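Contents: one structure, followed by commentary.
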């Protein structure tokens, strides 16, 4: 027994090693993919994630070229006049000199620098336009084209080209020497007449490619060389015509409040006007301030942003200290009374918009939340009513899409509020004043963007939150100061626990009813990953651990299967003898009782594995460490994300059945996934190998129904995470090897045909139907 078990373990290890060696060799020796020409790649990047080609073709692009099937749609470029047109003043308001549009960046995109993020802000509303994470662990999973950096380019009125408005530190553009004010006129010798053309041409390159930029800098032409990188994950990004993040306005001035559904008070345009960017302090490179003076209302408003800085980037980089609390901005709001009389003021601060919806076509089936079936961007907040403990609330995005707005949370001591996506979150955290959290007159969820026309995409609606402060009396010349932290980062439990203390933000990570299984399994999985450095191997090691712990149950299941095989002849005789189903069932129960056999005992391992299955399913859908974790290597594109389906082949253009391949409503989705097919095939093989032969037509029909259920299960299983499929594949192979390599267990007393077990069995019916067998048969000598 021990030798066979050792042989089984050795062969299992050899199979795993040989399998990964072959896959590594195939990947290493496959020919490189042909380089795509720029004219062959469509300008795609739809903020809603739909794979539809743009109707507009940029200049210098042949109209007869087709888009690459796997490229990501890109948003249509807004006309420059629309981008830079200042808001029209009201007739009774003095004309304010509008500052020019301006963009500012904080932090860095370089993971080796002491920042966790690169933040891009605009003076239009003093808003945050974009937050990109700098860690190598967080890249854009949908768009695999080369990344130069978001330049916020515009087209000059009298020249052709892309006028660079901002260059983020740490981006390939910054490393190449590109500066704000440069005019990019060509890329690798191809003319760039508009910013859309530059994005189009960059879409034809991959990370690691080297490109040459022809730049007009103050009338002199220069050539800069840039090495493109992989696009980082954007926690916040512009999305169509939706408002930007963290817009501020005044909700009340004295007795005047915002009327009806208007966005601002009459004569106040803090959300839509260009603010003045105050001079940067050389001693505070991580800080930028925006100012707006309301002349008529005699108020001065200042918004100051500062990005968190890591003390030592070499020792505390994201790879070495992933739970260091540096994923935040600090926001300070200052209101100053410039008049000679006291004023009663209240402000209104909006939350984040444009959080990612990557992989929404499969994530909609796996994302879980406190609000039942959640959307991709739900509202989460924690607050306490007077005298009560803080309570967590989650508002489903679908309710906002259906205009089923819950009543606002009034007079609430707010701990945090924001938008919760699948793997990342962005929360406004008011800083504690004394011993209590700041009180707000109202906290309410808002719908930031239009509702998608396709009812199957309502869960993708852009959402935000709105904080309305209590009114405060502001004496002449005095300041009203309010501080916030803006968390914008991954939903790592250890990281979330360090924000919004003492309660923390752990409620953002929710595993459902089986959290008691998910959390320990994730700890074990991360422990194995720390040893082998690959989550694919770590899942296989977790499978071996689970199956090893279940080995006694598996052996008992095999023992019951062997006993069932032994009882098959007697069951057949009972079926022939008793035509009445009730009498037959009674006789079968008596037979099982005498032989100490329970028909449901074989289901015990499956019942034990059910919580493990659901716990692992929840873990893969929630744990951000599985996002972007490859089976072998990130270069193996078809299985480079264990938290998503393997996406072996994009088959939607080749199948005419939208009810199967449509992203929103298709049963199977737009990709052919291989691992679910392998999983279901192994389930069917196990079923055929280990199920006992049917004793009657009813049993045969039941087994056929089980086969059909396996096929139906394959359809339901088709869009699950590839990490979960890997677990079931390893578990099925273990079960098959366990049955084939280990000795078959023999039931007690079944060693000989005439043993005690045979004596316990009812005697076969004799010729007269009395149940007594032929006496001569008992006198036969034993063989």
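Numbering (this note's numbering), first residue to last: 110 to 892. Each residue gets a CB set at the ideal place from its N, CA and C atoms; glycine is no exception. In this text, all values refer to a predicted model and were calculated from it rather than measured experimentally.
Checklist line | 8 angstroms Cβ cutoff met for residue 460 and residue 574 | finding: By 1-based counting over the chain shown, the position of residue 460 is 351. By 1-based counting over the chain shown, the position of residue 574 is 465. With respect to the 8 angstroms criterion, residue 460 and residue 574 are classified as neighbours on the basis of their beta carbons.
Checklist line | Length-filtered (4 minimum) alpha helix (DSSP H) runs lying within the stretch 719–776 | finding: For secondary structure counted as the alpha helix (DSSP H) over 4 or more consecutive residues, the stretch 719–776 holds these complete runs in sequence order: 767–770.
Next item on the list: Would you kindly check if the distance between the Cβ of residue 321 and the Cβ of residue 334 is under 8 angstroms?
Entry: Mapped onto the chain shown, residue 334 falls at position 225. Mapped onto the chain shown, residue 321 falls at position 212. Taking a C-beta distance under 8 angstroms as the contact criterion, residue 334 and residue 321 qualify as a contact pair.
Check: What's the C-alpha gap between residue 860 and residue 671?
Finding: Taking the chain shown and counting its residues from 1, the one referred to as residue 860 is at position 751. Taking the chain shown and counting its residues from 1, the one referred to as residue 671 is at position 562. Note that residue 860 scores a pLDDT of 36, beneath 50, so its modelled location is shaky and nothing firm can be said.
Next item on the list: May I have a chain-ordered list of the beta strand (DSSP E) segments no shorter than 3 residues that lie completely inside the stretch 623–671?
Entry: If you keep only unbroken beta strand (DSSP E) runs of at least 3 residues inside the stretch 623–671, you get nothing at all.
Item checked: Buried/exposed call for residue 669, threshold 16 Cβ in 10 Å -> The residue given as residue 669 occupies position 560 in the chain shown. Residue 669 is buried by the Cβ-count criterion.
Note to self: So, for residue 445: in the same chain, excluding its five sequence neighbours on each side, which residues have a beta-carbon less than 6 angstroms away from its beta-carbon?
What the structure shows: One-based indexing of the chain shown puts residue 445 at position 336. Closer than 6 angstroms at the Cβ level, and outside the excluded window around residue 445, lie 409 and 588.
Next item on the list: Run the CB neighbour count on residue 755, radius 10 Å, all protein chains shown included, and call it buried at 16 or more, exposed below.
Entry: As a first step, residue 755 must be located in the chain shown, where it is residue number 646. Residue 755 is buried by the Cβ-count criterion.
Notebook entry, point to check: Near residue 275, which residues of its chain fall below 8 angstroms by C-beta distance, leaving aside the five closest residues on each side in sequence?
Noted result: Sequence index remark: in the chain shown, residue 275 carries index 166 (1-based). Counting only Cβ-Cβ distances below 8 angstroms, and skipping sequence neighbours, we find 212, 213, 214, 229, 259, 260, 261 and 289.
Check: Should residue 649 and residue 839 be called a contact, given that it needs their Cβ atoms to be closer than 8 angstroms?
Finding: The residue you call residue 649 lines up with position 540 of the chain shown. The residue you call residue 839 lines up with position 730 of the chain shown. Yes; because the gap between Cβ atoms is below 8 angstroms, this pair is in contact.
Checklist line | Nearest to residue 351 (by Cα), restricted to the options 558, 660 and 820 | finding: Start at 1 with the first residue of the chain shown, and residue 351 comes out as number 242. Looking at 558, 660 and 820, the one whose alpha-carbon comes closest to that of residue 351 is 558.
Next item on the list: Indicate whether the contact test is met: 3 or more Cβ pairs, each with one atom in the stretch 402–416 and one in the stretch 372–384, closer than 8 angstroms.
Entry: The count of Cβ pairs closer than 8 angstroms, one atom from the stretch 402–416 and one from the stretch 372–384, reaches three, so the stretches are in contact.
Notebook entry, point to check: Could you give the distance in angstroms between the alpha-carbon of residue 769 and the alpha-carbon of residue 775?
Noted result: The residue labelled residue 769 in the question sits at position 660 within the chain shown. The residue labelled residue 775 in the question sits at position 666 within the chain shown. Across the structure, residue 769 and residue 775 are spaced so that their CA atoms are roughly 4 angstroms apart.
Note to self: Would you say residue 779 lies against chain E (beta-carbon separation less than 8 angstroms)?
What the structure shows: Considering every chain present, this structure includes no chain E. It has just one protein chain.
Item checked: Coarse secondary structure for residue 469, derived from DSSP in three states -> Residue numbering aside, residue 469 sits at position 360 when the chain shown is read from its first letter. Of the three classes helix, strand and coil, the one that applies to residue 469 here is helix, per DSSP.
Margin query: Which complete alpha helix (DSSP H) runs does the stretch 490–570 hold, if anything under 4 residues is left out?
Written below: Qualifying alpha helix (DSSP H) stretches, in chain order: 506–510.
Next item on the list: Kindly indicate the opening and closing residues of the alpha helix (DSSP H) around residue 614.
Entry: Residue 614 sits at position 505 when you count from the first residue of the chain shown. Looking at the DSSP string, residue 614 is not in any alpha helix (DSSP H), and its letter there is neither H nor E.
Note to self: Assuming contact is defined by CB atoms lying nearer than 8 angstroms, are residue 549 and residue 576 in contact in what I supplied?
What the structure shows: In the chain shown, counting from the first residue as 1, residue 549 sits at position 440. In the chain shown, counting from the first residue as 1, residue 576 sits at position 467. The Cβ atoms of residue 549 and residue 576 lie closer than 8 angstroms to each other.
Next item on the list: Below 8 angstroms on the Cβ atoms is my guess for residue 347 versus residue 238; work out the distance and round it to an integer in Å.
Entry: Residue 347 sits at position 238 when you count from the first residue of the chain shown. Residue 238 sits at position 129 when you count from the first residue of the chain shown. The C-beta distance from residue 347 to residue 238 rounds to 6 angstroms, short enough to fall under 8 angstroms.
Item checked: Own chain partners of residue 824 with C-beta closer than 8 angstroms, once the 5 adjacent residues on each side are dropped -> Walking along the chain shown from the start, residue 824 turns up at place 715. Excluding sequence neighbours, residue 824 sits near 776 and 777.
Notebook entry, point to check: Leaving out the 5 sequence neighbours to the left and right, which residues in its chain are closer than 7 angstroms to residue 720 when beta-carbon positions are compared?
Noted result: By one-based count along the chain shown, residue 720 stands at place 611. If we look at residue 720 and ignore the five residues flanking it on each side, its Cβ neighbours are 623 and 626.
Check: In whole angstroms, what is the alpha-carbon distance linking residue 806 and residue 791?
Finding: Position 697 of the chain shown, counted from the first residue, corresponds to residue 806. Position 682 of the chain shown, counted from the first residue, corresponds to residue 791. Going by the C-alpha atoms only, they are around 25 angstroms apart.
Notebook entry, point to check: What distance in whole Å lies between the Cβ atoms of residue 551 and residue 519, which are believed to be in contact at a cut-off of 8 angstroms?
Noted result: By one-based count along the chain shown, residue 519 stands at place 410. By one-based count along the chain shown, residue 551 stands at place 442. Taking the Cβ atoms as the reference, residue 519 lies roughly 6 angstroms from residue 551, within the contact range of under 8 angstroms.
Checklist line | Bridge partners - residue 596, DSSP secondary structure assignment | finding: Numbered from 1 along the chain shown, position 487 holds the residue referred to as residue 596. In the DSSP assignment, residue 596 is bridged to 437 and 536.
Check: When the distance is taken between beta carbons, is residue 337 closer than 8 angstroms to residue 369?
Finding: Mapped onto the chain shown, residue 369 falls at position 260. Mapped onto the chain shown, residue 337 falls at position 228. Not closer than 8 angstroms, so no.
Check: From 328, 438, 464 and 452, pick the residue whose C-alpha is nearest to that of residue 353; which is it?
Finding: As a working note, residue 353 is residue 244 in the chain shown. Checking every option, the nearest Cα to that of residue 353 belongs to 464.
Check: Under the rule that 16 or more other beta-carbon atoms within 10 Å means buried, what is residue 734, buried or exposed?
Finding: In the chain shown, residue 734 corresponds to position 625, counting from 1. Residue burial is scored here from C-beta neighbours: residue 734 has at least 16 other C-beta atoms within 10 angstroms and is therefore classed as buried.
Notebook entry, point to check: From 277, 339, 319 and 313, pick the residue whose C-alpha is nearest to that of residue 250; which is it?
Noted result: For the purposes of this step, residue 250 is taken as residue 141 along the chain shown, with counting starting at 1. The shortest C-alpha separation from residue 250 is found at 339.
Margin query: For residue 568 and residue 485, which I take to be in contact (beta-carbon distance under 8 angstroms), what is that distance rounded to the nearest angstrom?
Written below: Position 459 of the chain shown, counted from the first residue, corresponds to residue 568. Position 376 of the chain shown, counted from the first residue, corresponds to residue 485. Their Cβ separation, rounded to whole angstroms, is 6 angstroms, which keeps residue 568 and residue 485 in contact under 8 angstroms.
Margin query: Here's a check: name, in chain order, each residue in its chain whose Cβ is nearer than 7 angstroms to the Cβ of residue 434, leaving out the five neighbours to either side.
Written below: Counting from one through the chain shown, the residue named residue 434 turns up at place 325. Closer than 7 angstroms at Cβ, skipping near neighbours: 604, 607 and 608.
Next item on the list: Indicate the three-state DSSP secondary structure (helix, strand or coil) for residue 364 in the structure shown.
Entry: Sequence index remark: in the chain shown, residue 364 carries index 255 (1-based). Here residue 364 sits in coil by DSSP.
Checklist line | Residues that DSSP places opposite residue 574 in a beta bridge | finding: Here the question's residue 574 lines up with position 465 in the chain shown. Residue pairing by DSSP places residue 574 opposite 554 in a beta bridge.
Item checked: Contacts around residue 876, its chain only, beta-carbon distance under 6 angstroms, and the 5 residues preceding and following it disregarded -> By 1-based counting over the chain shown, the position of residue 876 is 767. Interpretation of residue 876 is limited by its pLDDT of 40, a score under 50 that renders its predicted location unreliable; no figure is taken from the coordinates.
Check: Cα separation between residue 458 and residue 478?
Finding: Locating residue 458 in the chain shown gives position 349, counting from the first residue. Locating residue 478 in the chain shown gives position 369, counting from the first residue. It is roughly 26 angstroms from the alpha-carbon of residue 458 to the alpha-carbon of residue 478.
Check: Buried or exposed: residue 744, going by 16 or more other Cβ atoms within 10 Å of its Cβ?
Finding: For the purposes of this step, residue 744 is taken as the residue at position 635 of the chain shown. Its Cβ having fewer than 16 others within 10 Å, residue 744 is exposed.
Next item on the list: Taking the CB atoms as reference points, tell me whether residue 542 and residue 521 lie closer together than 8 angstroms.
Entry: On the chain shown, residue 542 is found 433 positions in, with the first residue counted as 1. On the chain shown, residue 521 is found 412 positions in, with the first residue counted as 1. No, the pair does not count as a contact, with Cβ atoms beyond the cut-off.
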